[in-house]
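What the sequence shown shows, in my numbering, is residues 20 to 93, in sequence order. Ideal placement from N, C-alpha and C gives every residue a C-beta, glycine not left out.
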Amino acid sequence: MIMNPVKFISDLGVQSKHAYWGGFASIVIALVAWAASQGKDSSDKAQSDRWGIFIGHWAPTFFALGLALKQEEK
């Protein structure tokens with residue numbers, strides 16, 4: 020039997036709105052990390068920039084998960 024991971028997390032009570040909020044939160048966190056890096060020297064700035072990019076990549080995942088959960092909710 021193949022398990023549906025979207026149905027599984029839906030059965031745990033996770034809703035599409037939770038995933039959408041996660042996407043928006045990751046955008047905000049990425050912007051905060053970028054803004055914080057502006058006042059740092061070059062080595063610290065590079066680390067902050069990488070952290071912001073890493074967090075920023077979460078947004079599309081959360082939004083895609085939100086769409087999948089929305090389909091599961093129908």
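So, at 8 Å on beta carbons, what are the nonlocal neighbours of residue i in its own chain, with the 5 sequence-adjacent residues on each side left out?
i, result
"S29", "L88, E91 and E92"
"Y39", "F81, F82 and G85"
"Q34", "L88 and E92"
Which first and last residues belong to the alpha helix (DSSP H) in which residue i is found?
i, result
"V51", "S35 to S56"
"I72", "S61 to G75"
"K93", "Where K93 is concerned, there is no enclosing alpha helix (DSSP H), given that its DSSP letter is neither H nor E."
"I28", "P24 to D30"
Have a look at residue i and residue j and give me their C-alpha separation to the nearest angstrom.
i, j, result
"A54", "V47", "10 Å"
"K59", "S67", "9 Å"
"V25", "S61", "41 Å"
"G41", "F27", "18 Å"
"I72", "V51", "11 Å"
Near residue i, which residues of its chain fall below 7 Å by C-beta distance, leaving aside the five closest residues on each side in sequence?
i, result
"S45", "I74, G75, W77, A78 and F81"
"W70", "A52"
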